[in-house]
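Using this note's numbering, read the sequence shown as starting at 673 and increasing by one per residue. Backbone N, C-alpha and C fix where the C-beta goes; we use that ideal spot for every residue, glycine too. First up is the structure itself, then whatever we jot down about it.
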Amino acid sequence: MTSPFSALIIGASRGIGLGIVRQLSMQGWQVVATCRGAVPADSPADTQWLKLDINQQDERIALKERLLSQQFDLIFINAGVYGPAHQGRCPGE
């Protein structure tokens with residue numbers, strides 16, 4: 673039986689994102705999750721994993737095209753982006 677609920681979790685390879693994937697999967701949700709690199713070895717087997725580096729425009733466009741016909745009950749954007757090189761520096765550096 674398939675769940676009536678579906679979720680897209682962007683940035684799900686570890687931490688909060690992976691925790692959400694696990695919880696939703698345990699509750700019977702259909703989950704599509706993205707990660708930049710390798711799929712976590714301990715992720716739920718029923719999760720559909722897609723590659724996405726949120727910093728790469730071509731990958732964002734490819735994800736949009738792939739998911740265009742799907743509808744989600746929940747979309748959680750957990751991915752971080754790299755800021756300009758000057759961010760994070762202390763004054764005078």
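Residue i versus the options, residue with shortest Cα-Cα distance
{"i": "P712", "options": "A679, G689, L740 and R738", "result": "G689"}
{"i": "L722", "options": "R694, Q729, G687 and V704", "result": "V704"}
{"i": "S678", "options": "G687, C707 and Q720", "result": "Q720"}
{"i": "G752", "options": "A710, M698, Q728 and S741", "result": "Q728"}
{"i": "R732", "options": "W701, Q702 and R708", "result": "R708"}
Three-state secondary structure (DSSP) of residue i
{"i": "A660", "result": "The structure shown does not extend to residue 660, since the chain is modelled only from 673 to 765, so the question has no answer here."}
{"i": "Q695", "result": "helix"}
{"i": "L735", "result": "helix"}
{"i": "L740", "result": "coil"}
Proximity below 7 Å, CB of residue i to CB of residue j
{"i": "I681", "j": "V693", "result": "yes"}
Cα-Cα separation, residue i to residue j
{"i": "S685", "j": "S715", "result": "9 Å"}
Identity of the residues DSSP links to residue i by a beta bridge
{"i": "L724", "result": "BP columns for L724 are empty, so no partner."}
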